[in-house]
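This report concerns only the one structure given below.
Numbering (this note's numbering), first residue to last: 149 to 653.
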């Protein structure tokens, strides 16, 4: 098995011929949804990944990363096939706003070779390392509020991974595998790094894993016990501590050496003016692994912890129950209110009270704040209980061997993993009232939409319709009861209106 992740080709100035060449479609997934291009990218070094190319998700119209793991010996693949399937099924269950999304995988068996192909989210805005370099180049310092927000998001992701059952250890957390979006959202990539090392025992792969660790410029991110039989989640805490330190000082100076020394790390920590930030980072990089705090504990550290505002708590409540509200509810509500009306008042006996009017609230700012909360920029991890990793889904492969020029092995049977956050529907009965046409609009938790339509008979129940949508992977099974109740209410109101209309006529 070979493994190297080529960097994204920059070219001279991106000639038109090169651009057209890079956008050439080389291969499609069996379902036709994912189209692999020639342009190669790097989204964090992952052992076993032979290549990573830019691809297009034709269903959603977004760019993704097409990753390939190549087995030159088919017998080696067969010996590890069950472990590989289990690992990828577990990865597909990882759902967190601050973790790079793992979309899909499938197996491709050709002659004496075998491939595992998996699709991941493409982080186009660049890594945290690139951002810190640009900030330093422009002679700017790191904003403390931004530092706290980023630390909270990274720890939120680590706390989630470490609370999975069994715990998922990242094992390769550096400023190169942390990505920052244009809106300030942080996502950690290469989550599958440690899992790949454990599943692919091939000598060349393990050698590459060691080479990744020994890459000179990133060696200081790895804890003293890294690679030993005793390492656990504490190696991620050490790596996070170095990331937090680099975010604060922008770069830990190596003083001309090829490797960042312990002395340089200590000096960088001592240079922090805030004693709480200094104590926070030092607790993460303690030599003894058992003395390092957990990700959950760090979220309660005095430098990060704060009592969430009522505004933030209300926003999370609104987002979690968004399916009950119209999509543009904020805009509609603010339009209906008198801007001079008082929405809240604080009264004092000894001095004038304080009135809060609707005109004091900007609908645009409120919409942006809700969008940021939905995207995961302001997590409520301080109050979240441990979230166990769900039981892996059974891998169900089609019994038919699809004959196609794309890839000969069919993908696992689909199930919908996304949750519905908003529901709207429209019902129209035909002239004789024998059937009703249903148009159903669903907004998923990844902000993508799904629109469905069908004719329903008076004998069909909303529960049957919801079960059918689950069966055909249009909705998540956990949304079945919620959708059935929504449809039942909508159909009942439609029938009442139809009867009222018939009576008045």
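The beta-carbon is built from N, C-alpha and C at its ideal position, and this holds for glycine as well.
Since the model is a prediction, treat every value here as computed from it, not as a measurement.
Taking 8 Å as the cut-off, the Cβ atoms of residue 568 and residue 592 count as close. Proximity to residue 589 across 583, 565, 601 peaks at 601, based on C-alpha coordinates.
In this structure, residue 420 lies near residue 396, with their beta-carbon atoms less than 8 Å apart. The C-beta distance from residue 188 to residue 171 rounds to 13 Å, too long to meet the 8 Å contact threshold. Using a Cβ-Cβ distance cut-off of 8 Å, the region 507-524 and the region 316-325 are not in contact, since fewer than three pairs of beta carbons, one from each stretch, lie closer than that value. With fewer than 16 other Cβ atoms inside 10 Å of its own Cβ, residue 465 counts as exposed. Apart from sequence neighbours up to five positions away, the residues of its chain that approach residue 340 with a beta-carbon distance below 8 Å are 194, 235, 239, 250, ordered along the chain. For residue 289, the closest of 517, 399, 610, 498 by C-alpha to C-alpha distance is 399.
For the pair of segments examined, the region 635-643 was found to touch the region 565-585: the number of CB pairs separated by less than 8 Å reaches three. The residue among 622, 515, 526, 603 with its C-alpha nearest the C-alpha of residue 563 is 622. If you look at residue 185, you'll find it in the beta strand (DSSP E) that goes 182-188. DSSP places residue 215 in the strand class (E or B) of the three-state scheme.
Counting the other CB atoms within 10 Å of its CB gives residue 620 a total below 16, which places it among the exposed residues.
The C-beta of residue 387 has 16 or more other C-beta atoms within 10 Å across all chains shown, which makes the residue buried. The DSSP-derived three-state label of residue 235 is helix. Per DSSP, residue 583 is not a residue of any beta strand (DSSP E), being assigned neither H nor E. DSSP places residue 241 in the coil class of the three-state scheme, outside both helix and strand. Residue 574 sits in a strand when the DSSP states are folded into three classes. If you ignore the 5 residues before and after residue 633, its C-beta comes within less than 8 Å of the C-beta of 610, all in its own chain and listed in chain order. Going by DSSP, residue 296 is part of the alpha helix (DSSP H) stretching over 292-310.
CA-CA distance, residue 612 to residue 583, rounds to 16 Å. For residue 251, there is no enclosing alpha helix (DSSP H); the enclosing beta strand (DSSP E) covers residues 250-258. With at least 16 other beta carbons inside 10 angstroms of its own, residue 425 counts as buried.
If you ignore the 5 residues before and after residue 270, its C-beta comes within less than 6 Å of the C-beta of 211, 212, 213, all in its own chain and listed in chain order.
The three-state reading of DSSP puts residue 484 in helix, counting H, G and I together. When the Cα atoms are used, residue 444 and residue 296 turn out to be separated by approximately 15 Å. Burial check for residue 503: the Cβ neighbour count within 10 Å stays below 16, so the residue is exposed. Residue 185 and residue 174 do touch by the CB rule: their CB atoms are close to 7 Å apart, below 8 Å.
In the structure shown, residue 565 adopts coil according to DSSP, grouped into three states.
Ranking 333, 338, 413 by CA distance to the CA of residue 190 puts 338 first. Residue 237 has its alpha-carbon roughly 19 Å from the corresponding atom of residue 219. Annotation for residue 272: 211 place their beta carbon closer than 8 Å to its own, counting only its chain and skipping 5 residues before and after. In this structure, DSSP gives residue 316 a state outside helix and strand, which the three-state scheme calls coil. The residue from 331, 413, 438 with its alpha-carbon nearest to that of residue 382 is 438.
Residue pairing for residue 176: DSSP places it in a beta bridge opposite 183.
Residue 423 is classed as exposed because its beta carbon has fewer than 16 other beta carbons within 10 Å across all chains shown.
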